[in-house]
Amino acid sequence: MDADGVTVIVVVLVISGKQSVEQALIRYCLLQPI
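For what it's worth, our numbering labels the leading residue of the sequence shown as 47, then goes sequentially.
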């Protein structure tokens, strides 16, 4: 995970108000190659 990825996660968490943190993380992980 690079700095850009971390920035995207932070922005998404702030916008979502941390109401769907788990869903956001799961969706992000699914989009990332394991």
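Heads up, the beta-carbon is just placed ideally off N, CA and C, and yes, glycines get one too.
If you ignore the 5 residues before and after Val58, its C-beta comes within less than 7 Å of the C-beta of Ala70, all in its own chain and listed in chain order. Put simply, the backbone Cα of Val67 is about 11 Å away from that of Ile61. Taking the Cα positions, Leu76 is about 15 Å away from Val52.
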